[in-house]
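Numbers in the working numbering are just positions in the sequence shown, counted from 1, shifted up by 101. Note that the Cβ used here is the ideal one computed from N, Cα and C, for glycine as well. Notes to accompany the following structure.
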Amino acid sequence: MYKCESMATSCGICLTMDKIYRCGWCENKCSIRSQCTDYPWFPSSEICRNVKITEFHPSKGPKEGGTLLTIRGENLGKTFSDIKKGVTVVGAHCEPIESEYVPAQKIVCRTGRSSKKSGAVRVVVATFASAMSDYFYQYVVPEINGLEPTMGPKDGGTRVTVKGDHLDAGYEKSITIAGLPCRIERVERRELVCITQYADRLMRGMVNMTIDQTVINSNNVDYSYVGNPKVSDIVPKKSVCGGGIPMNVYGQNFSIIQQPQMIVWVHNKEYRGDCSQMRDSHLICYFPNITEPVTSGNIDLPQRFSYGFHMDNVTNLLNLTDYLGTVEVQDNPVFSKFTEKVKSHLYTNEYLTINGQNLNKAVDEAHVSVRIGMGRCNVTSIASSQLTCQPPKVQPEAMTDSDYPEVIVRVGRNLTYHIGFLRYEEPEGTSLHMVIGLAVGGAVLLLIVIIVVIAYRVKSKQSNTMKKQLHEQMDQLELKVAQECKEAFAELQTDMTELNNDMSGQVSIPFWDYRTYCMKVLFPGDKDHPVTKYQPNSSNLNSKPLQLFMQLIKNATFLLTFIRTLEAHQSFTMRDRVKVASLISVTLQSDMVYATSILKTLLEDLIKRSIEGNNHPKLLLRRTESVAEKMLSNWFTFLLYRFLQDCAGKPLFLLFQAIKHQVSKGPVDAISSEAKYSLSEDKLIRQQIDFRTLTINVCDTEQFSQPYVPVKVLDCDTITHVKEKIMDAIYKNAPFSRRPPIESLDLEWRSTPNEILILNDEDSTSKIEGDLKRLNSLAHYKVNDGAYMALRKKQTPVNTGPPLQEKPTFYKYERLISENSLYTRSPSLGRTVNSSGIPNDGENNIRKYHLVKQHDSPTHREGDRGSKMVSEIYLTRLLTTKGTLQQYVDDLFERIFSTTHRGQVLPLAIKYIFDFLDEQAQLHNIEPEVVHTWKSNSLPLRFWVNIIKNPNFVFDIHKSHIVDSCLSVTAQTFMDSCSMSEHRLGKDSPSSKLLYAKDIPKYKAWVDRYYEDIKSIIPISDQDMNSMLQEESRIHCHEFNTEAALNELYKYVDSYSCKVC
102 MYKCESMATS CGICLTMDKI YRCGWCENKC SIRSQCTDYP WFPSSEICRN
152 VKITEFHPSK GPKEGGTLLT IRGENLGKTF SDIKKGVTVV GAHCEPIESE
202 YVPAQKIVCR TGRSSKKSGA VRVVVATFAS AMSDYFYQYV VPEINGLEPT
252 MGPKDGGTRV TVKGDHLDAG YEKSITIAGL PCRIERVERR ELVCITQYAD
302 RLMRGMVNMT IDQTVINSNN VDYSYVGNPK VSDIVPKKSV CGGGIPMNVY
352 GQNFSIIQQP QMIVWVHNKE YRGDCSQMRD SHLICYFPNI TEPVTSGNID
402 LPQRFSYGFH MDNVTNLLNL TDYLGTVEVQ DNPVFSKFTE KVKSHLYTNE
452 YLTINGQNLN KAVDEAHVSV RIGMGRCNVT SIASSQLTCQ PPKVQPEAMT
502 DSDYPEVIVR VGRNLTYHIG FLRYEEPEGT SLHMVIGLAV GGAVLLLIVI
552 IVVIAYRVKS KQSNTMKKQL HEQMDQLELK VAQECKEAFA ELQTDMTELN
602 NDMSGQVSIP FWDYRTYCMK VLFPGDKDHP VTKYQPNSSN LNSKPLQLFM
652 QLIKNATFLL TFIRTLEAHQ SFTMRDRVKV ASLISVTLQS DMVYATSILK
702 TLLEDLIKRS IEGNNHPKLL LRRTESVAEK MLSNWFTFLL YRFLQDCAGK
752 PLFLLFQAIK HQVSKGPVDA ISSEAKYSLS EDKLIRQQID FRTLTINVCD
802 TEQFSQPYVP VKVLDCDTIT HVKEKIMDAI YKNAPFSRRP PIESLDLEWR
852 STPNEILILN DEDSTSKIEG DLKRLNSLAH YKVNDGAYMA LRKKQTPVNT
902 GPPLQEKPTF YKYERLISEN SLYTRSPSLG RTVNSSGIPN DGENNIRKYH
952 LVKQHDSPTH REGDRGSKMV SEIYLTRLLT TKGTLQQYVD DLFERIFSTT
1002 HRGQVLPLAI KYIFDFLDEQ AQLHNIEPEV VHTWKSNSLP LRFWVNIIKN
1052 PNFVFDIHKS HIVDSCLSVT AQTFMDSCSM SEHRLGKDSP SSKLLYAKDI
1102 PKYKAWVDRY YEDIKSIIPI SDQDMNSMLQ EESRIHCHEF NTEAALNELY
1152 KYVDSYSCKV C
């Protein structure tokens, strides 16, 4: 079912419908022939004669033509051939485009050149039917005669207004400024607005515009791409979360920015505040209004957030945290309303006081204004809970219809507080009634004074007694503090001698073999990586495909393309970069010459990108964001192994042993890993722990003829601590991996010759206080000094996890005193429980603790953890530990930052890389300070910090949490020594930085001298370097399974094959 009349509204549409409908035109409607009896009926084979043009656009174009003109109307032909030669614009032929033609409805044609300025659009259909437009098309001459602004940052983003005439003519428009495209936003007849794009250099050029096929050149209208704006400082760096506080921003090139804005990042959400320009080097920016909560409820602990600035398209200003730090954000101040709706104010009073809370945390007098009706109250001071201002002498007029003026406080531009209404009052005159009243009041007051004096005499004795008690308590506290300081001073003076004496028994260092050392650095945490599997002949590949793939890897063009392709892919994560870099390093370990050339090429590309990009050149090599950076770390790992063994390893091992020994001299909490002796404030026990040093005698239960081994322990040690110290003493000559697991041994105490008691951390005698269970210690069992103990293999199997591959089975009590031991070392003293939470027993929700009770309730404060002495008193223990370890830290730093030490020469690898960085700096005109940072990022940061933080990568040892925290402080000090920036320290600075503040300048001088000494050494020839690299490859060519490494690499080729090819 269909109806012709509903399917077409004009003759042209009716006659162009499919013939199967048999529709035709009948006077003024579409119908079938049988329904048209009164008028002539035109079948689909005919052509409609009543041609009509309803509209066309654009209405004007350049006189050269070339404009795409769209004509809409009715009965505009049935086929393209009907109108192909019948379209004219202002008398000139307009060439129709067949692909755009819609039969009977739309014609799109390209205008030609015309000598006339304006005229009608005419369409002739099949040579006999025609129509003309009701309005004229114009041929115009577009021109450009102005530009605003005339300059902007080279990163683009400037909104440029191009001025001229007939800029809206034509169909297709594009514009270039200094040869670069400018994205058009808005076009009008005399004005065009566009956004500039990024320029790779500073330059100046003309403005050119193309309309259709006509190019319009500007006459003496130039635009300059100038340097990006820079921000050097912002004052103040604090605000309230309501925002509106003015911030002074200092820098340069601000005048070229049109609409600068301040950005604050809160929980990954962006907040913006407007800025106004004062001059080229100074902006006033208003802190944005942060609508979500930013503090934890403690006004003394404000939140700090990253911030930056939106200045056109300048990206390196979006986040300035790395250069200028963060901003402090406080809760909004709270102003209290008047207790009465209308407050009285005497004319004689000079000041008005408004109460509140948190008033001066982030604002000062300049940020606050107080209005009293139409008048202003000048703010004179702001305290934490009070604001004082000087009101007008007379009562100001009210701003509303109220009887009295309203007091309104404004903080910044965003916060407004309505305090209440103020009524000025005159002081009342003195009358006779008032005099009588004052006299009576005076008499009553005198009587009250007499009564008070009598009461005071009665209670004076009680107060004297209370004062004596308070004095006694203060004296006790003073004595306790003095005793703590005295002990700290005594320990600082004696610990060095004791530590040196106790460590004199160390005779050898348990280095890992080359393969294990490399695996721990290249693949940390992966104990069973395929590249460590045995390969009968690693120099020959068994698989033909792998041989071919190895040939491709040995092709520098392929390998570089492979790496660059992977890095360019968005799904190639940071973890993938590290893994690929390590696999390539292992694969090319047998050809270090080729590996070095690849590394240099990648580093050259990385340096070039860093200089040309938006990031500061100092950030080069700071983070592992590329394959090249991880390959550089691996390259140093391969080539500095011998240097570690022969030179730097010994002071590092002695520092580790010194930290472990010093920590073990005092209590260590088995749950939180807090200790009395620590370099880290976070791991410091901040209370007084009473303990005694005991000497226990340990024997072999199966060989009583062996002498007893004396072991120093603390009576507050847990049973696990005691077993570890016993193992340290007995297994001095065994690497950690060859010791029996402590979980497989029981500790026996022979309290009498016929009585043996097995000690455990937890048993039925454990002390339970509410929901807390205390771990057992020697004091819990009342073990006396000189007690006899023994370690025995547990009688029942113990699930200690998957066995280590290289750990031998120690059954038959493990021969506690080994006659053939080759090493003398001891592992970490405490395998402590992870301090992220308090372990539960599982039954009745009982929580465990050792020395320090960790409370979940916020009502428990520092004083609940033991002694109520001020906890900061115990920070002197940091100085004690630091002073004891100072010699070992100095020895390590001096050994690393020395080009020659006891016959050991500087490794060629260090000299080679430093010379390479100097060459690149000279090639790109880099400042010496930046080169210094490159060298610090390449060697100290990428290699030494990792080794200092993780000595277990180099030695067969165990590192506990407390020792790890101390090594972290040492590693941070090492990195601070290599920095060129000056660290401004204050009372709020971290204790780890304050601890070594006086030593940092000395270490920095060592670093400067070290870099200068390396630079003064004669450069290494390529022949000598290649000889050294070839020797390294020859010695270690069979360490890794090359086939496994190639297999792992090929997985990435398979995943990104379409990109690589």
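- In the displayed model, Q487 falls within a strand according to three-state DSSP.
- By the C-beta density criterion, E1133 is buried, having at least 16 other C-beta atoms within 10 angstroms.
- Here W1107 is not bridged, per DSSP, to any residue.
- C283 is a Cβ neighbour of V261, given a cutoff of 8 Å.
- For L689, the CB contacts under 8 Å within the same chain, skipping 5 residues up- and downstream, are I654, Y695, A696 and I699 in chain order.
- Counting only unbroken stretches of 3 or more residues, the beta strand (DSSP E) elements lying wholly within the stretch 194-224 are 205-211, in sequence order.
- Each residue's CA atom was taken as its position, placing S319 and S216 some 24 Å apart.
- Excluding sequence positions up to five before and after M233, its CB lies within less than 6 Å of the CB of A221 and R223, all in the same chain and listed in chain order.
- Beta bridge pairing from DSSP links S340 with V430.
- Within the stretch 1037-1115, the complete alpha helix (DSSP H) runs of at least 4 residues fall at 1046-1050, 1062-1078 and 1092-1096.
- The beta carbon of K153 sits closer than 6 Å to those of G174, E175 and A232, all from its chain and outside the five residues before and after it, given in chain order.
- Collapsing the DSSP output to three states places D323 in a strand.
- Assigned with DSSP and collapsed to three states, G543 falls in helix.
- According to the DSSP assignment, Y140 belongs to no alpha helix (DSSP H), since it is labelled neither H nor E.
- Taking the C-beta atoms as reference points, G887 is found nearer than 8 Å to T796.
- Scanning its chain for C-beta atoms nearer than 8 Å, with the 5 sequence neighbours on each side dropped, one finds around K874 the residues E863, S867, K868, D942, I947, R948, K949 and Y950, in chain order.
- By the CB criterion at 8 Å, D465 and G253 fall outside the cutoff.
- When DSSP states are grouped into helix, strand and coil, A232 belongs to the strand group.
- With respect to the 8 Å criterion, G167 and R211 are classified as neighbours on the basis of their beta carbons.
- Per the Cβ contact rule, the stretch 510-524 is in contact with the stretch 463-477 (3 or more Cβ pairs under 8 Å).
- A residue is called buried once 16 or more other Cβ atoms fall within 10 Å of its Cβ, and T481, having fewer, is exposed.
- Per DSSP, F837 has no beta bridge partner at all.
- If you ignore the 5 residues before and after V327, its C-beta comes within less than 8 Å of the C-beta of M252, G253, P254, K255, L303, N354 and I357, all in its own chain and listed in chain order.
- The beta carbon of E429 sits closer than 8 Å to those of K338, K339, S340, P403, Q404, R405 and A463, all from its chain and outside the five residues before and after it, given in chain order.
- A distance of 8 Å or more separates the beta carbons of S686 and N656.
- For the pair of segments examined, the stretch 999-1018 was found to touch the stretch 1117-1134: the number of CB pairs separated by less than 8 Å reaches three.
- By the C-beta criterion, the stretch 1068-1076 is judged to be in contact with the stretch 1088-1097, since at least 3 inter-stretch pairs fall below 8 Å.
- When beta bridges are read from the DSSP output, A880 appears opposite no residue.
- Looking from the CA of S1078, the closest CA among L1096, S1061 and V1108 belongs to V1108.
- Note on geometry: alpha-carbon atoms of A759 and Y989 lie some 8 Å from one another.
- DSSP places V191 outside both helix and strand once states are collapsed to three, so it counts as coil.
- As DSSP reads the structure, Y778 sits in no beta bridge.
- Non-local C-beta neighbours of I1115 in its own chain, meaning closer than 8 Å and more than five positions away in sequence, comprise T1000, L1007, I1011, K1012 and F1015, ordered along the chain.
- For I198 and V288, the gap between their C-alpha atoms comes out near 26 Å.
- T1143: member of the alpha helix (DSSP H) spanning T1143 to S1156, first to last residue.
- Under DSSP, K264 shares a beta bridge with G247 and E292.
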